[in-house]
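Remarks on the structure that follows.
Numbering (the UniProt record's numbering), first residue to last: 1 to 668.
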């Protein structure tokens, strides 16, 4: 069931009574007449009358100061109640529906009948008929008429306002007027004993109320290229207070922009502050960016599927180097190291990890500040590096490392373990790195260069051999961690180069089903069509005349003698047999030739292997792979020829035996 909003004009009189089913207004004193009751209601509302126009009501609210200082509140709408809208009305009856409700087609959201956004109903229609509303809709779809009366049950001095609702009984001719005569047979009430032939001509003519004329509108034909534009010339701009919305058709902008929202500080759209951009069909999977024009900062968001697994990138426009401040978020499940985010600063780098096998979830690096006179140069010097780990349930708490700190500048390494149950402190091991001169082939251990803090003084002390192994492991871990830090800097630098190239020259991604823009798909389709045409031409087979060459030697006689036919048959079989033998010998000769060439090339490579350059080695391996593939193909061809040769000979023999020209002696 579809409905249409009634166009209510501004000057149409609306009841000023409360929008409720029943409203009670108390006044001091005794109410003696209906006029006094009406005056009491008007006095309570502070209005000259209990009936007023919409414009008068809005102006009254504005003069009373309800909107003073609220410039954001929209002003008077000159088209209020004039706009026409269509939606779906579900009437009670079937499927246990007791009350009428509305459904908005664009969103599918259900609304109650008394929703204030629905100002009225002009008409309703479905597949059977069209109804015109004869009821007053001045109070919306639920509240139709207002009447101020004195309640017989109310106390003295009270005024009761009763509101009647809009009726949806389409069979009531006082409320709804139908356009087409008659009604559907499903809504009729007939006597069950009354028998009628549904196929009788009289009943058919009686039920025929209207002949629908032929449509004067030709069939709409909208090309796909025009349909995808969506807006006039593919672009649409909508201005709001302190905001502007720009909509673009897909593929219209070279960077894939489909929507741009600009937020302004003023109402004249002259001082922009924020820019929200939405993209689609980009090869770099960028789908959203937020730019602060005042701070010159940008936040970019990406869809899953990038090679670097980048999810979000926050940075400043004027800072494009790896050492500048920026934040990156990643799809950690797509990365080998499980990194979830990284924050870069001139003197700091912080990484966060998730779901790692070694339980590491945090890494923080402190770099030495650069000289202000040197903007870029060698990599920054690492002062300290710390790594934090989650609890490993397979290890005891006093043996499970919680934090590992490498004070590179101070030559110290510290291990902090997890807190055991019931303890307020944890075990700590601190080592002082031995001098570089002692870091040779054999590491020496000095107990005086370490510090141990044990929570339980009664627990057995660690032996020097255990401490030596821990020190040796820490030295390797420090080297590995520093290598990961440098690798991360290189990776971020490479990502910035890629992002700069993607931003400067954005590339679009086209679907394989997009025949308008996908040049590869169009070319492939044309090639496929051409191949199908060529194949269809080849499939038009003609009968092969095996005796044609032999008959031509004899001058194409009209008849053959028995001896000539027998000799022609033997010659054809003999020539075909020789052809099969020659073909097998040719394949065998090619196989032996390529095999000898490969062996000689292999002996040359073994003799000159040490003196060959990299390019010569690559050429040799390329030749070896190509020759090996060719030998394999020749071997398959030879084996297949040997298997099929007897079958082909027998097939030719059967074909000659069935040829009537060799038996009748006459040629047609």
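Glycine included, C-beta positions come from ideal geometry on N, C-alpha and C.
| Asked | Found |
| --- | --- |
| Under 8 Å Cβ to Cβ from residue 361, same chain only, skipping five residues before and after it: list those, please. | 352, 353, 354, 388, 389, 390 |
| At the level of alpha carbons, what is the spacing between residue 122 and residue 169? | 15 Å |
| Could you check what DSSP says for residue 678 in three-state terms: helix, strand or coil? | No answer is possible for residue 678: the residues shown for the chain start at 1 and end at 668. |
| Who are the near neighbours of residue 132 in its chain, counting only those whose CB is closer than 6 Å to its CB and skipping five residues on each side? | 123, 177 |
| Taking residue 489 and residue 379 to be in contact with their CB atoms under 8 Å, please state how far apart those CB atoms are, rounded to whole angstroms. | 6 Å |
| With 16 as the cutoff for other CB atoms within 10 Å, does residue 159 come out buried or exposed? | With a pLDDT of only 45 at residue 159, under 50, the local geometry of the prediction cannot be trusted, and the value read off the model is given with reservation. Burial call: buried. |
| Output yes if chain B places a C-beta closer than 8 Å to the C-beta of residue 584; else output no. | Absence of chain B from the displayed structure is noted, only one protein chain being present. |
| Report the partner residues of residue 304 according to the DSSP bridge assignment. | Residue 304 pairs with nothing; no bridge assigned. |
| Can you check the region 306 to 392 for any beta strand (DSSP E) of at least 3 residues that lies completely inside it and give the ranges in chain order? | 310 to 316, 326 to 330, 339 to 344, 348 to 353, 360 to 367, 382 to 389 |
| List, from N- to C-terminal side, the alpha helix (DSSP H) runs of 4 residues or more that fit wholly inside the region 532 to 583. | 548 to 553 |
| Which value, in whole angstroms, describes the spacing of the CA atoms of residue 511 and residue 281? | 9 Å |
| Does the Cβ-Cβ distance between residue 135 and residue 167 come in under 8 Å? | yes |
| Less than 8 Å between the CB atoms is what I'm expecting for residue 381 and residue 412, so what's the real figure, rounded? | Wrong, their Cβ atoms sit about 16 Å apart, outside the cutoff. |
| Look up residue 507 in the DSSP assignment and say whether it is helix, strand or coil. | coil |
| For the 8 Å Cβ check, are there 3 or more pairs between the region 655 to 665 and the region 565 to 585? | yes |
| Let me know the secondary structure DSSP gives residue 222 once reduced to three states. | coil |
| Which of helix, strand or coil does DSSP assign to residue 413? | strand |
| Expressed to the nearest angstrom, what Euclidean distance is found between the alpha-carbon atoms of residue 605 and residue 579? | 39 Å |
| Count the other CB atoms, across all protein chains shown, that sit within 10 Å of the CB of residue 669; report buried if there are 16 or more and exposed otherwise. | Coverage of the chain is limited to positions 1 through 668, which leaves residue 669 absent and any answer about it impossible. |
| Which of the three DSSP states is assigned to residue 432 in this structure? | strand |
| Under the rule that 16 or more other beta-carbon atoms within 10 Å means buried, what is residue 559, buried or exposed? | exposed |
| Could you pull out every residue in the same chain whose Cβ sits closer than 6 Å to the Cβ of residue 359, ignoring the five residues on either side in sequence? | 389, 390, 392 |
| For residue 306 and residue 284, what's the separation of their Cα atoms in angstroms? | 7 Å |
| Is it true that the region 583 to 593 meets the region 605 to 620, where meeting means three or more beta-carbon pairs spaced less than 8 Å apart? | no |
| Do residue 309 and residue 299 have their C-beta atoms within less than 8 Å of each other? | no |
| First and last residue of the beta strand (DSSP E) that includes residue 260? | 257 to 264 |
| Out of 104, 395, 88, 410, point me to the one whose CA is closest to residue 368's CA. | 410 |
| Going by the CB atoms, is the gap between residue 230 and residue 237 shorter than 8 Å? | no |
| Please confirm whether residue 455 and residue 420 have their CB atoms less than 8 Å apart. | yes |
| State the Cα-Cα distance for the pair residue 533 and residue 321, rounded to the nearest angstrom. | 57 Å |
| Write down every uninterrupted run of the alpha helix (DSSP H) in the region 93 to 152 whose length is 4 residues or greater and which is fully enclosed by it, in chain order. | none |
| Are residue 260 and residue 246 touching if we call contact CB-CB under 8 Å? | yes |
| Out of 349, 356, 345, 347, state which residue places its alpha-carbon closest to the alpha-carbon of residue 339. | 356 |
| Tell whether a beta-carbon distance below 8 Å holds between residue 325 and residue 293. | no |
| Alpha carbon to alpha carbon, what distance is there between residue 172 and residue 116? | 25 Å |
| Taking only the alpha-carbon atoms, compute the straight-line gap between residue 647 and residue 640 and give it to the nearest angstrom. | 11 Å |
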